[in-house]
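Residue numbers (UniProt numbering): 1 to 310.
Structure follows, in structure tokens:
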């Protein structure tokens, strides 16, 4: 994701390869490396994305120089559709790309271990980080965390404590993105789209709560867990600059997304995908984020039937 709100049909995938070119015997001010990396990161994250060229497969190379040091980096853009493509795991012993019900049953937990640990670490030392969840972590760090979680490595906690917080946030987003189907499920996607479009507040409330009750228990419990976490992140908006709307923009298209079959059947272009779906996905998550606390037990006790055909 970029440092600004996502532009239509695009997301940032960057790989940086720093090359320190320093004159022998030269002196430089302290913290040059950190400041230089800050410039590189800022330039990467603030790139203006051109919808006409984001699908190119070519890498763009650039160089930034400061205090006698040069950093050369390259980047390219991939479409949002491709970046959110779900990749079921071939190895069912891992957690990435494996059904959430399989993972929770194996772990004998209500919320997957990876979700709980990433959330705990973000709340411990990243909840006041500017742009948390919006600023991308280093891809190699995210892949390293993915590998240790998939392997259930005993050093997970130690690695988490040493890892850059944006990489941990990125790992959590990657986990949800690589689920075989989105957390709010393919089956209920059309109903969520209809429910959020209802104009009558009472009808919308009944519909949106009914849809939550219709989710499988592991999906619902995990969603409510994540929901409360994101609300706590938004409470620090004056510091971290992440409002409920910003968080909904980051997570909405990951948690709620049409199946590939439905996308191909109803939408013909990338622009249609953005205009027809993504804004509604954001609004669905924003609705729940702005809603008073939702209790799993209360949802299950309330069995009133509501049809989305109203």
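Every residue gets a Cβ at the ideal spot worked out from N, C-alpha and C, and that includes glycine. The model shown is predicted, which means the values in this text are computed figures rather than measured ones.
Query, Result
"With respect to the alpha helix (DSSP H) encompassing residue 252, which residues constitute its N-terminal and C-terminal limits?", "244 to 255"
"Mapping DSSP to helix, strand and coil, what is residue 61?", "strand"
"From residue 257 to residue 182, what distance separates their C-alpha atoms?", "6 Å"
"For residue 110, which option in 292, 216, 280 has the closest C-alpha, if you only look at C-alpha atoms?", "216"
"Between residue 240 and the rest of its own chain, which residues show a CB-CB distance below 8 Å, the 5 nearest in sequence each way excluded?", "127, 128, 129, 130, 131, 132, 233"
"So who's on the other strand from residue 70, going by DSSP bridges?", "65"
"Is it right to say residue 112 is buried, meaning 16 or more other beta carbons lie within 10 angstroms of its own, or is it exposed?", "buried"
"Note down the Cα distance separating residue 235 from residue 118, rounded to an integer number of angstroms.", "18 Å"
"Start and end of the alpha helix (DSSP H) containing residue 210?", "201 to 213"
"Report yes if the C-beta distance between residue 179 and residue 294 is below 8 Å; otherwise report no.", "no"
"Pull up the CB-CB distance for residue 167 and residue 141, whole angstroms please, since I reckon it's below 8 Å.", "4 Å"
"Please state whether the Cβ-Cβ distance between residue 134 and residue 250 is less than 8 Å.", "yes"
"What is the rounded straight-line gap between the Cα of residue 292 and the Cα of residue 218?", "21 Å"
"Go to residue 151, then tell me how far its alpha helix (DSSP H) extends in each direction, as first and last residue.", "139 to 151"
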